[in-house]
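Report on one structure; see the data block that follows.
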Amino acid sequence: MTAQFHRRSVLALAAAAIAPAAWSQAASDSTLAQIKQRGTLRVGVTQAPPWYSKDPKSGDWASGVGVSLGKAMAADLGVKFDPVEVTWGTAIAALQGNKIDMMSMMDATPERAAAVDFPKNALLYYSLAVLARDDLPVKAWADLDKPSVRIAVPQASSMDKFLTENVAKAQISRFPGNAEAIAAFQAGRADAVCLFHPPLLAARQKLGAGKIIVPTPAQSQASSVAVRKETDKSWVEWVDKEIGKFYANGQTQKWYEEFLVGFGLDPKASPPVMKEMLGKS
Amino acid sequence: MHVWNFAPVWANADLLALGLLNTLKVTGAALAFGVPLGLVLALMRLSPRRLLAWPAGAVIEVFRTTPPLVQLFWFFFALPILIHVEMTPYVAAVLTFSIQSAAFFAEVFRGGIVSVERGQWEAARALGMAPPQVMRRVVLPQAVKRMIPAFLERAIELMKTTTLVAIVSYADLLFQTNEVAQKTFRPLEVFTVTALIYFTVIFAASQLVHGLERRLAASGEGMTR
Amino acid sequence: MNSLYRWNFAPVLDNLDVLWVGAIGTLRLFVICLVLGFGFGLVVGLGRHAKASWIHLPATAFVEFFRNTPVLVQILWFYYALPILLPFQISPLVAAALGISLNSAAFSAEIYRGGIESIDRGQAEAARALGMTAAQAMRRIVLPQALRRMLPALTNRGIEIFKMTTLASAVAYVELLQQGKLLASLNFNPIETYTVIAVVFFLCLFPLVQATYALERRLGRADA
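Written as structure tokens, this is what we have:
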């Protein structure tokens with residue numbers, strides 16, 4: 001009886017000693033300090049060209065605006081770039097669970113802002129588009145808002161949110177990622193797939209059929225970078241400065257064009273990611 | 282210390298309930314088609330005519346030797362392009378799992394039919410019955426009784442295998458779990474609840490099966506192992 | 507619209523090295539789960555066979571829980587839910603290995619138990635009468651004979667484990683199906699890609715399945 005009591009009380013004391021220490025450690029160390037201490041910047045990635053793309057031969061996350069941004073930020077911090085694969089739907093949980101330090105290309109929606117932090121500057125602006133069957137009459141979003149229209153979209157992405165709110169009458173199929181949504185369109189399981197220009201351009205090229213439309217009113221969304229919510233704001237402020245810098249000096253746009261060229265696409269055929277340049281095509 | 286908070290899960294219980302319903306729908310439909318198809322395949326495989334036995338054998342081997350997820354991807358993303366047919370996720374899922382379970386049921390049928398002693402066959406033929414009559418009146422009834430436990434186990438396996446449809450966006454329980462987890466940002470609570478739901482349903486089903494097996498064994502008809 | 511599909515395997519064949527990387531991943535996961543699943547399964551199987559209820563009951567609970575939950579749910583739980591409770595991260599490999607191994611351990615535990623219990627009690631008692639301890643009797647007399655009887659069921663389980671490795675693609679582990687998904691998304695050719703993946707799995711498993719049938723026939727004859 002006494003042996004049991006001793007064992008349990010020792011375990012309880014040990015747990016009491018470790019738990020608050022571990023917890024307070026996480027709360028006091030800011031992300032910025034943790035990154036510098038660890039020597040790596042854990043960047044969330046998911047297969048979604050032009051933002052992130054994996055080179056199948058080498059297995060490296062080698063290209064995409066998000067990848068280029070992550071590498072540049074790691075270089076500015078003097079640490080290693082460490083890509084961690086997530087999905088759009090699990091990126092927020094990954095930030096909360098301290099699996100990743102940042103996730104680019106997350107739009108700052110109110111629901112997300114309750115769970116994570118966003119910098120004030122925009123990362124870039126992208127235009128929502130659909131790749132639709134040739135015989136589907138589409139000019140405006142209202143044309144898609146019918147029960148007979150089936151649309152594929154990546155689950156929990158901002159496209160998903162936009163469609164759910166504005167095209168609610170359509171049959172919306174949600175897939176784990178961009179690739180599956182496009183594959184569903186390809187298989188005829190959807191009349192249209194909603195993403196943004198570059199992957200749709202690439203798909204259109206390979207598929208040889210379908211039309212890319214930017215439905216009116218044109219949705220030019222600002223996208224941002226999600227980071228973990230914490231009391232110490234040094235990390236989110238540093239990210240804010242960096243993306244503001246890259247946007248202002250045109251670097252973000254350059255990375256975007258670099259990727260398009262590498263993917264075999266013409267940068268002039270795709271709307272730019274800087275709002276200021278949008279009116280000029 | 283993680284603070285458990287199940288409130289968001291209960292708030293979305295209706296989504297999970299819908300998912301469970303869809304899981305049962307797919308499982309039920311796949312069983313309804315898979316069992317008769319399995320019988321057909323088994324009879325074809327046992328037939329002395331090569332024209333029937335060979336294709337059946339090929340279908341059975343291919344569907345038992347390739348992973349169900351690969352089959353699902355193929356039926357989901359590849360087949361519709363090939364045959365220019367539009368299929369809803371439900372249809373594609375039921376099609377895949379009907380054929381897949383039929384392949385396994387076919388082997389269960391075959392084992393059961395073969396296990397009925399030759400003596401029965403010969404006695405029935407001596408009585409003047411034609412082979413199809415022998416199969417229908419003498420062999421199959423006895424075979425089916427012995428195969429019931431194996432069937433039910435296969436059916437329970439099927440209920441577990443159908444979770445794969447979540448990956449191709451059919452709104453089964455696992456898919457809905459992902460939806461809720463991504464909406465509420467509480468994967469721990471949601472996934473734990475879902476695991477418990479699956480366990481409860483499947484455990485109850487397998488307990489029913491065990492009860493049935495015991496009753497059948499007592500009456501002398503079960504296949505003892 | 508009614509034209510026949512023009513198959514083009516060139517993009518897939520150009521990327522055989524990509525698929526090869528996936529195949530290595532599949533093999534790695536398979537071996538890990540085989541060893542852990544059968545190894546831990548033996549422990550649990552012996553636990554199920556034990557008389558003492560403080561061993562018997564947890565073993566039974568383990569088997570019932572991991573046999574009656576879908577493997578995919580377990581993998582996702584280990585990947586998304588467990589890290590919230592633990593101070594360290596769980597990689598896709600670890601999550602998939604945990605899910606598949608624990609499930610396989612539960613199934614193989616029952617195979618072991620069935621095999622052990624099918625050996626005549628008389629053998630175990632005779633061994634004890636000869637002065638062996640229970641553990642020695644198990645190790646030298648019961649298990650070797652039981653193993654022969656369990657071999658068909660164990661090889662079937664092994665084949666199931668190989669097929670289950672594809673589930674790891676759900677957490678983006680780099681195995682064969684995952685590489686196929688990547689190629690199909692970059693080349694927009696799901697038909698050729700998934701056909702090749704299916705063929706590769708079939709070519710790997712068919713000889714094993716045939717060997718299993720041959721094994722069953724040989725053992726069946728030897729036992730009779």
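Residue numbers (this note's numbering), protein chains in the order written: chain E, 1 to 281; chain H, 282 to 506; chain R, 507 to 730.
Where is the CB? At the ideal position from N, CA and C, for every residue including glycine.
Proximity test, Cβ basis, 8 Å: residue i and chain R
| i | result |
| --- | --- |
| Phe472 of chain H | yes |
| Ala269 of chain E | no |
| Ala22 of chain E | Here Ala22 of chain E scores only 42 on pLDDT, less than 50, and its place in the model should not be relied on; the value that follows carries that caveat. Yes, Ala22 of chain E lies at the interface with chain R (some Cβ there is under 8 Å from its Cβ). |
| Gly264 of chain E | no |
| Gly59 of chain E | yes |
| Thr90 of chain E | yes |
| Thr505 of chain H | Caution is warranted here: a pLDDT of 45 is assigned to Thr505 of chain H, below 50, making its placement in the model unreliable, and no coordinate value can be reported. |
| Arg228 of chain E | no |
| Ser382 of chain H | no |
| Tyr479 of chain H | yes |
| Ala27 of chain E | Because Ala27 of chain E sits at a pLDDT of 44, beneath the cut-off of 50, its placement in the model cannot be relied upon, and the following sentence gives the value as read from the coordinates. No, Ala27 of chain E does not count as interfacial toward chain R. |
| Ala183 of chain E | yes |
| Ala387 of chain H | no |
| Pro289 of chain H | no |
Within chain E, partners of residue i - CB distance below 7 Å
| i | result |
| --- | --- |
| Phe694 of chain R | Gln186, Ala203, Lys206, Leu207 |
Proximal chain H residues relative to residue i, where beta-carbon distance stays under 8 Å
| i | result |
| --- | --- |
| Gly177 of chain E | In chain order: nothing, as chain H lies at least about 11 Å away. |
| Thr661 of chain R | Those within 8 Å of Thr661 of chain R in chain H number zero; the least Cβ separation is about 13 Å. |
| Gln155 of chain E | Ser450, Asn459, Glu460, Gln463 |
| Thr566 of chain R | Those do not exist, as Thr566 of chain R stays about 12 Å from chain H at its closest Cβ, beyond 8 Å. |
Enclosing alpha helix (DSSP H) for residue i [first to last residue]
| i | result |
| --- | --- |
| Leu363 of chain H | 360-364 |
| Trp285 of chain E | Residue 285 of chain E falls outside the range modelled here, since chain E spans only 1 to 281, and no answer is possible. |
| Val648 of chain R | Counting along the chain, Val648 of chain R falls outside any alpha helix (DSSP H), and DSSP gives it neither H nor E. |
| Leu492 of chain H | Position check: residue 492 of chain H holds Gly in this sequence, whereas Leu was assumed. From DSSP, the alpha helix (DSSP H) with Gly492 of chain H extends over 468-499. |
| Ser234 of chain E | 234-248 |
| Phe319 of chain H | The sequence given here has Gly at residue 319 of chain H, not Phe. Segment 294-327, the alpha helix (DSSP H) holding Gly319 of chain H. |
| Lys211 of chain E | Here Lys211 of chain E belongs to no alpha helix (DSSP H); instead the beta strand (DSSP E) covers 211-213. |
Which listed residue (the options) has its alpha carbon closest to that of residue i
| i | options | result |
| --- | --- | --- |
| Asp295 of chain H | H:Arg496, H:Thr458, H:Ala310, H:Ser487 | H:Thr458 |
| Ala612 of chain R | R:Pro589, R:Ala674, R:Phe544 | R:Phe544 |
| Trp583 of chain R | E:Val84, E:Val67, E:Lys71, E:Thr90 | E:Thr90 |
| Ala311 of chain H | H:Leu445, H:Gln381, H:Val343, H:Pro412 | H:Gln381 |
| Ala436 of chain H | H:Ala462, H:Ala359, H:Gly315 | H:Gly315 |
| Asp117 of chain E | E:Thr231, E:Leu77, E:Ile182, E:Ala62 | E:Thr231 |
| Glu85 of chain E | E:Ala218, E:Arg42, E:Ser63 | E:Arg42 |
| Val537 of chain R | R:Leu689, R:Arg724, R:Ser691, R:Gly664 | R:Gly664 |
| Phe344 of chain H | H:Phe385, H:Met368, H:Arg331 | H:Phe385 |
| Asn514 of chain R | R:Leu660, R:Val705, R:Leu653, R:Asn693 | R:Asn693 |
| Ser597 of chain R | R:Leu689, R:Ala678, R:Ala704 | R:Ala678 |
| Val524 of chain R | E:Pro56, E:Asp82, E:Leu136 | E:Pro56 |
| Val449 of chain H | E:Ala192, E:Glu165, E:Ile182 | E:Ile182 |
| Thr308 of chain H | H:Ile394, H:Glu438, H:Pro412 | H:Glu438 |
| Phe378 of chain H | H:Gly300, H:Lys306, H:Leu299, H:Pro289 | H:Lys306 |
| Ala529 of chain R | R:Leu636, R:Val680, R:Asn695 | R:Val680 |
| Leu350 of chain H | R:Val541, R:Arg554, R:Cys710, R:Leu682 | R:Leu682 |
Closer than 9 Å at the beta carbon, the chain R residues around residue i
| i | result |
| --- | --- |
| Ala62 of chain E | Here the premise fails: no neighbours, minimum Cβ distance about 13 Å. |
| Ile483 of chain H | Arg573, Asn574, Thr575, Pro576 |
CB contact check: residue i to chain H, cutoff 8 Å
| i | result |
| --- | --- |
| Tyr511 of chain R | yes |
| Gln96 of chain E | yes |
| Tyr719 of chain R | no |
| Leu683 of chain R | yes |
| Ala108 of chain E | no |
| Asp729 of chain R | Bear in mind that the predicted position of Asp729 of chain R carries a pLDDT of just 49, short of 50, making it too unreliable to give a figure here. |
| Ile625 of chain R | no |
| Glu570 of chain R | yes |
Where residue i meets chain R, residues with beta-carbon distance less than 8 Å
| i | result |
| --- | --- |
| Lys54 of chain E | Leu688 |
| Pro468 of chain H | Tyr586, Ala587, Ile590 |
Where the beta strand (DSSP E) containing residue i begins and where it ends
| i | result |
| --- | --- |
| Glu85 of chain E | 80-85 |
Chain E contact for residue i (CB, 8 Å cutoff)
| i | result |
| --- | --- |
| Ile364 of chain H | no |
| Gln457 of chain H | no |
| Ile590 of chain R | yes |
| Met416 of chain H | no |
| Phe378 of chain H | no |
| Asp520 of chain R | no |
Cross-chain neighbours of residue i in chain H, by beta carbon under 7 Å
| i | result |
| --- | --- |
| Leu711 of chain R | Thr346 |
Chain-ordered chain R contacts of residue i [CB-CB under 7 Å]
| i | result |
| --- | --- |
| Thr297 of chain E | With chain E represented from 1 up to 281, any question about residue 297 of chain E goes unanswered, as that position is not in the structure. |
Residue i: CB within 7 Å of a non-hydrogen atom of the ligand SAM
| i | result |
| --- | --- |
| Ala601 of chain R | Of the ligands one can find in the structure shown there are none, so the ligand SAM has no counterpart to examine. |
Proximal chain E residues relative to residue i, where beta-carbon distance stays under 9 Å
| i | result |
| --- | --- |
| Met368 of chain H | Ala187, Gly188, Arg189 |
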